[in-house]
Structure formats: C-alpha cells, structure tokens
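There are 2 protein chains.
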Amino acid sequence: MKEKPLSSLCTPALVVDVDKVKRNALRMIERCQNLGVQLRPHMKTHKTLECADIMTGGSRRCIVVSTLAEACFYADHGFDDILYAYSLPLDKVERCADLSERLDLFQILLDHPQALDELKKRPLRDGRLWHVWLKLDCGNGRAGVLHSQPEAISLAQAIVGTKGVELTGVYAHCGNSYNCRGVEQIQAVAQETTDLTLQFMEKLKASGITCKSSIGSTPSCSHPVKDMGKLSEVHPGNYGFYDVQQSVIGSCTLEEVAVKVLTRVIGHCPHRNQLLIDCGWCGLRLLSMTQEHGRVEPISGPLDYSKFPLGSLLTLIPYHSCATAVMHPVYHVHSEGRLLGKWIPTRGW
Amino acid sequence: MKEKPLSSLCTPALVVDVDKVKRNALRMIERCQNLGVQLRPHMKTHKTLECADIMTGGSRRCIVVSTLAEACFYADHGFDDILYAYSLPLDKVERCADLSERLDLFQILLDHPQALDELKKRPLRDGRLWHVWLKLDCGNGRAGVLHSQPEAISLAQAIVGTKGVELTGVYAHCGNSYNCRGVEQIQAVAQETTDLTLQFMEKLKASGITCKSSIGSTPSCSHPVKDMGKLSEVHPGNYGFYDVQQSVIGSCTLEEVAVKVLTRVIGHCPHRNQLLIDCGWCGLRLLSMTQEHGRVEPISGPLDYSKFPLGSLLTLIPYHSCATAVMHPVYHVHSEGRLLGKWIPTRGW
C-alpha cells in the first residue's frame with residue numbers, strides 16, 4: 001500500500017509523530033538506567049497498545065494505569081505487572097480481584113483504612129496476595145495520606161498486618177511539579193518529593209517494614225535528581241507525547257512534542273478579522289472554541305486570507321495532550337509526514 | 001432480568017433520566033406544532049439512536065447533525081432527511097456526495113463561494129441535486145455570511161444559478177442566545193434573529209428566490225416568539241438533555257435537566273477540608289478537576305466526613321451537557337432510578 005501524506009486525512013485529526021514518541025521513550029528509558037531506577041511508565045495519556053509497547057521497550061511489563069478500563073485493556077492484550085494507581089474505589093473491588101487472580105502481578109493502591117477493610121472481605125483465590133501500594137501525599141495535595149501524619153505509618157502497619165495482603169510499596173505523585181517553571185524549580189520539587197518519600201521509608205524501616213518506593217511526574221522524571229536513584233521506581237507518563245504545557249514547565253522543547261491536531265480552515269470572517277477552523281474543544285490555545293468550531297485571530301493587523309484559503313491545513317500543538325487525546329477515538333501515526341497507520345485508544349472507566 | 005438500581009453502576013457514569021428526555025422532547029414537539037413550524041432536532045448533544053427516536057417522535061426523519069460521523073451513523077440506521085449543518089469542509093465533499101446519492105434527502109450547508117465551486121466539480125449521479133442551505137450570521141458571530149453583507153445575497157444567487165445544485169434554505173444559529181439571562185432577553189434574541197432572517201428572505205424574494213428558512217438554539221426554541229411561526233423550520237438540540245447552563249440562561253429549570261454524572265467519594269482529605277471524587281474533566285462545577293479526580297469543598301465550615309463515607313454516591317449536574325456527554329462512551333438510562341439499559345453514542349468526525 002502506498003503511504004499517504006498527512007494532507008489526505010479528514011480533519012480534525014490527532015496525529016502522532018512516531019519517531020518523536022520513540023525518541024522521547026528511549027530517552028526516558030536511558031535516563032532511568034543511568035539513575036539505576038526502574039521505569040514504570042504511565043499509560044493514561046495515550047491509552048494505546050502501540051505506545052505502551054514503545055514505552056516499555058517491548059516488554060509489555062511494568063506499567064501504571066489510571067482506570068480499570070485501561071487495566072483490562074492491557075491485561076486482555078498480554079500486558080502484565082500492572083499497577084492501577086488510583087485510590088481503590090470501593091465499587092471496583094471485585095473487578096480488581098478478578099485482575100489479581102488472572103494476572104501474574106496486578107497491583108492496587110490505597111490511602112484509607114476502609115479500603116483495606118474491603119480487601120479483607122474479599123480474600124483472593126489460590127492463596128494469592130493483594131499487592132498494595134500506599135498512596136502518600138508529599139505536598140501535591142490531591143490523593144494520598146499526608147506524609148507527615150501518623151495515620152500514614154499506622155496505615156502501612158495495618159496493611160502489613162493484614163492476612164492476604166502485601167505492602168508492595170509507597171507511591172507518591174509529584175503533580176506539584178506542574179507549577180514549576182524551569183529545570184531548577186522542577187528539580188527542587190523532585191528533590192523534596194524524593195526526600196520526603198525516603199524519610200518516610202526510613203520511618204517505615206524503623207518500625208520493621210521494608211517495601212518499594214516510587215515517585216513520578218513527567219517534569220521531575222525529565223530532569224531527575226541523583227537521589228531518585230535511591231527509589232525503587234519512577235512512574236512518569238505524559239513524556240511519550242509531551243505537550244505545550246510541558247514545554248512551558250521546562251520538561252521538553254516544543255520540537256519534542258509528538259502530537260498535533262491537524263485542522264482545516266472552514267471559514268473566512270473578514271467582518272471580524274477571523275478564520276474558522278474545524279476543530280473545537282481540544283484543550284488548545286486559540287481565541288475561543290465551541291463544540292466543533294475554533295476561532296483563530298492574528299496577533300495583530302489584518303488577516304491575509306489569501307494565505308489561508310478554505311481547506312488549508314493548520315497544525316495545533318495541544319496544551320495538555322492527555323486532555324486532547326481523550327477527545328479523539330483514533331490517532332493517526334506518521335513518520336516524517338507519511339501515514340503509517342492508526343492507534344486506537346481505550347476509553348471509559 | 002431484574003432491574004438494577006443506579007447504585008449498582010461503576011462510577012463515574014453518565015446517567016440519563018429517560019422520562020425527563022421524553023418530557024423535554026414532547027414539550028418541544030408540541031411547542032413547534034402550536035407555532036406551526038417544522039421541528040428539525042439537532043443530534044450533537046447526545047449522538048445516540050435512542051434519543052434521536054424520542055426527539056423525532058419515532059419518525060427517524062428531519063434531523064440536524066454536526067459531524068459527518070453523526071450523519072453516517074444515522075444514515076446507517078435508517079434515518080433520512082439529514083441536514084449536515086456545518087460549513088462544508090472541502091476535505092469532506094466526496095463523503096457528502098456519497099450520502100447525497102444514498103439517502104432520499106441529505107442536505108449540506110455553506111457560506112463561501114469556494115465551497116460552491118467544489119460542488120460544481122462533483123456533480124451527483126442519476127440527476128440528483130445537491131441540497132444546499134446558506135448559512136447566515138444574524139449576529140451570532142461564528143460561521144455564516146453576515147446577513148447585512150451584499151455577499152450573502154450574491155452567494156444565494158450563485159447557488160440558485162448553479163446547475164445540479166438547489167438552494168434549499170437559509171439557516172441561522174442564534175448561539176448569541178447563550179449570553180442571555182431570563183426569558184425576556186432570550187425572546188429579544190429570538191425576535192431579532194427571526195426578524196433578520198425574515199428580512200433576508202424578503203430580499204431574496206425581491207430577487208426572485210424562494211426557499212426555506214430555519215433558525216435555532218435551545219434557549220430561543222424553549223421560549224419562542226410568535227414570529228418564529230413564519231419560518232419553515234427550527235433546529236434546537238440541547239433541550240433533550242438540558243444542563244446547568246440552560247437553567248442559568250432560563251431555558252429550563254434544574255429539575256428538567258435529564259442527565260447527571262454519578263460519582264463516588266474515593267478519598268477523605270481532612271488536612272485540606274476536602275473530599276476526592278472519582279470524576280475528572282467533565283465540564284462540571286467543582287473546586288477543581290484533573291484527569292480522573294475532582295476536588296469537592298464545602299461552601300463553608302468543616303466537612304462532616306461521616307456523611308460522605310468512602311464509596312458514597314454523589315450526583316453532579318453537568319454545566320454543559322454537550323461537553324460532558326462527549327467524555328462518556330456509554331450512557332446509562334434509567335426511569336425513576338431503575339436502570340433500563342445503555343445508549344451508545346457515536347464519536348469522531
């Protein structure tokens with residue numbers, strides 16, 4: 001089959017530069033090897049098999065997911081050693097038990113004693129153990145028990161003391177690195193999260209508990225600090241694609257962003273000095289968007305419409321690729337502008 | 001099969017109260033019958049067969065869609081008389097030709113002479129005509145030729161003068177009704193859009209052209225003005241579901257909103273006086289959202305966590321149901337809290 005150019009696509013279309021994805025993935029693999037830390041890439045941004053293959057270096061092992069839909073999708077396609085890194089939802093215990101009994105290694109995460117109680121009520125078959133990570137909040141302020149609270153240690157002890165349950169590790173997401181600008185600030189957050197996590201591991205050790213440790217976020221893992229080598233794992237995810245937000249933070253350059261939204265000019269509005277494009281809500285930087293329309297204005301001066309005839313292609317770099325990708329039921333994959341095929345993501349929860 | 005309660009759903013889940021949808025749809029049908037205007041409901045909000053059946057009163061005829069994916073989805077399932085109400089994208093002419101040759105009545109919309117040129121290059125088989133609506137901008141300021149510009153009349157004349165093409169109607173979306181607060185303001189926009197459209201029809205008539213006319217938006221069609229009876233059609237869409245935004249505008253009451261997002265408490269954060277819920281970016285009113293987490297705060301005072309144990313259900317009313325629905329690959333349909341089944345929307349473009 002003759003390879004088609006990007007311009008043959010109906011728009012709007014999410015296009016993925018597979019060479020950039022491979023480069024971004026390889027750089028992260030090498031970075032982790034140099035640090036001496038296990039990379040457990042997060043699948044939440046792309047949710048596809050193909051990108052997971054690239055990010056795991058083909059092993060199909062050792063991944064993180066954000067939904068059970070992702071966990072099942074990857075389990076159904078030969079992936080294993082899957083961490084469902086989401087504070088165990090009590091309506092999903094049975095589906096987690098199924099995955100734990102089906103896979104070699106399915107791991108869950110919790111941050112509340114009540115979730116542990118639910119695990120007790122559902123012992124796994126064949127003497128299998130629930131593999132549990134304790135979610136620690138090291139300043140990110142979303143999910144997790146706060147690192148400084150005594151409840152964090154007592155919950156770890158409760159997990160260890162529960163029959164049929166294993167404390168696999170301690171997991172912290174340094175999402176506060178998204179507020180950073182530049183490598184220095186990123187590394188300050190990376191250092192702080194690493195320090196707090198390692199201090200917590202020391203406290204655990206003092207009470208006789210040893211387990212793995214993991215921190216993650218694309219900014220901190222794109223510019224890791226040396227001490228991250230003392231952790232067991234890191235779990236960044238967005239870096240496969242990157243996006244404008246990551247370039248603003250300082251995780252990457254704009255050239256390293258592997259995804260774009262291809263759109264076409266569908267209207268000329270000289271009475272408003274605007275173009276209309278066929279791309280709506282997609283998390284992008286534009287004047288305004290509604291469901292299926294985007295309004296594009298020049299920075300200054302009148303628009304030269306002759307440069308943008310109806311049907312002409314524009315490419316937009318997503319501000320947040322996780323949010324943009326989720327709007328697209330298919331990604332169009334290319335190498336140097338030649339279409340290679342499609343990646344179909346999983347959706348839902 | 002025993003009907004299950006809503007609480008049996010894994011969350012987050014978009015739930016649709018089918019009784020409310022039927023009531024909203026019936027009220028719009030009756031309103032249009034009383035006005036003496038043809039209702040052509042828009043499918044963009046729900047994108048499902050079942051809701052389209054309800055909104056067309058079972059006829060499966062006379063609908064508007066916002067994407068060709070919707071057009072094909074409905075055409076494949078026995079719908080006809082479909083208007084693709086989106087300024088003809090030049091990369092999609094061939095797909096539109098296919099639909100025009102396949103359906104009894106497939107209609108397109110344009111607002112630029114260049115789009116007309118593309119139609120000339122692709123005459124339809126078997127003597128079929130391209131059925132074209134002229135998109136008119138009556139103050140909404142998105143797509144369309146401005147009603148006051150001479151180009152609007154000359155484009156209508158060019159359509160009429162083109163072999164193989166029929167000027168079916170003039171189409172205006174009064175999306176500026178979304179800026180209204182209350183019935184009075186809504187009716188002022190409805191009146192203005194109606195007046196400008198009817199004046200344009202007079203101008204066309206003066207140049208020997210007669211065709212249909214249509215305006216639409218859920219606010220204006222929820223509180224129509226009498227003169228809308230002089231139009232041929234109206235094309236509201238959101239009203240099947242309605243949402244918080246429509247209640248703020250004054251199109252409906254909050255009780256009439258037929259969709260909710262069911263979510264569960266997945267975390268207690270007493271150190272921040274917050275709950276975490278298992279529902280992220282969905283266009284809802286919450287303190288903050290990330291991909292799979294929402295942060296919920298009390299209006300004032302400390303949160304009483306005992307009232308919201310982990311796993312407890314909360315229901316959120318979408319701010320904009322079009323934007324929320326698009327995040328969900330399945331809708332769960334209930335009547336008085338008993339689950340009846342699922343609606344599967346179409347996606348993509």
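Protein chains in written order, with full-length UniProt numbering: chain P, 1 to 349; chain L, 1 to 349.
Ideal Cβ placement from N, Cα and C applies to all residues, glycine included.
Give the C-beta separation of residue i and residue j to the nearest angstrom, bearing in mind that I take them to be a contact with Cβ-Cβ under 8 Å.
i        : j        : result
Gln107/P : Ile82/P  : 7 Å
Asp111/P : Val160/P : Not confirmed; about 16 Å, so no contact.
Leu275/L : Val296/L : 4 Å
Ser217/P : Gly175/P : 6 Å
Thr193/P : Ala172/P : 6 Å
Asp80/L  : Leu103/L : 5 Å
Val170/P : Met201/P : 7 Å
Name the DSSP beta bridge partners of residue i, please?
i        : result
Leu287/L : The partner list for Leu287/L (beta bridge, DSSP) is empty, contrary to what the question assumes.
Val265/P : Ile277/P
Leu134/P : Leu110/P and Val170/P
Ser214/P : Tyr171/P and Glu233/P
Trp343/P : Tyr331/P
Ile82/P  : Ile63/P and Phe106/P
Arg272/L : Beta-bridge pairing links Arg272/L to no other residue.
Val259/L : Val16/L
His42/L  : Val64/L
Gly240/P : Bridge partners of Gly240/P: none, in fact.
Ser87/P  : Leu109/P
Please work out which residues of its chain come closer than 6 Å, Cβ to Cβ, to residue i, disregarding the five sequence neighbours upstream and downstream, and give them in chain order.
i        : result
Asp17/P  : Ala258
His223/P : Val183, Ile186 and Gln187
Asp137/L : Gly144 and Leu146
Thr315/P : Lys260 and Leu262
Leu303/L : Asn273
Arg60/L  : Gly78 and Phe79
His42/P  : Val64, His235 and Gly237
Are the Cβ atoms of residue i and residue j separated by less than 8 Å?
i        : j        : result
Thr324/P : Pro12/P  : no
Gly164/L : Trp133/L : no
Gly237/L : Lys44/L  : yes
Leu109/P : Lys135/P : yes
Ile249/P : Cys180/P : yes
Val234/P : Ser251/P : no
Ile29/P  : Gly57/P  : yes
Tyr319/L : Gln199/L : no
Leu35/L  : Met289/L : no
Ser232/P : Val189/P : no
Ile299/P : Leu254/P : no
Asn24/L  : Tyr242/L : yes
Gly10/L  : Asp76/P  : Per the sequence presented here, residue 10/L reads as Cys, with Gly not at that position. No, they are not a contact pair.
Cys32/L  : Leu26/L  : no
Judging by CA-CA distance, which residue of the options is the nearest neighbour of residue i?
i             : options                                   : result
Arg95/L       : Asp111/L, Leu124/L, Lys47/L and His223/L  : Leu124/L
Gly78/P       : Ile63/P, Pro89/P and Lys92/P              : Ile63/P
Cys51/L       : Tyr74/L, Gln38/L, Glu30/L and Asn34/L     : Tyr74/L
Arg128/P      : Lys307/P, Ser66/P, Ser100/P and Ile215/P  : Ser100/P
Ile209/P      : Ala172/P, Gly229/P, Ser247/P and Ile153/P : Ile153/P
Gly301/L      : Gly294/L, Arg272/L and Cys322/L           : Arg272/L
Lys203/P      : Gln157/P, Val21/P, Ser217/P and Leu26/P   : Gln157/P
Cys322/P      : Leu314/P, Ser220/P, Lys260/P and Asp227/P : Lys260/P
Leu116/P      : Asp98/P, Tyr86/P, Thr162/P and Lys22/P    : Thr162/P
Lys121/L      : Thr315/L, Val93/L and Leu103/L            : Val93/L
residue 350/P : Lys230/P, Thr197/P, Lys342/P and Val65/P  : Coverage of chain P is limited to positions 1 through 349, which leaves residue 350/P absent and any answer about it impossible.
Gly139/L      : Gly280/L, Arg60/L, Thr197/L and Lys22/L   : Thr197/L
Leu105/P      : Tyr84/P, Leu90/P and Glu118/P             : Tyr84/P
Can you find the residues in the same chain that come closer than 7 Å, C-beta to C-beta, to residue i, ignoring five residues on each side of it along the sequence?
i        : result
Lys47/P  : Glu70, Pro345 and Thr346
Leu6/L   : Val15, Leu262, His334, Gly337 and Leu339
Leu155/L : Pro113, Leu134 and Val145
Phe308/P : Val265 and Leu275
Lys20/P  : Glu256 and Ala258
Ser312/L : Arg264 and Val265
Leu49/L  : His77
His293/L : Leu276 and Gly280
Output needed for residue i: all residues of its chain with C-beta closer than 8 Å, excluding positions within five of it in sequence on either side, in chain order.
i        : result
Tyr305/L : His268, Pro270 and Leu275
Asp195/L : Asp227
Trp349/L : Thr67, Leu68 and Ala69
Glu3/L   : Arg338, Leu339 and Leu340
Ser8/L   : Leu339
Glu118/L : Leu88, Leu90 and Val93
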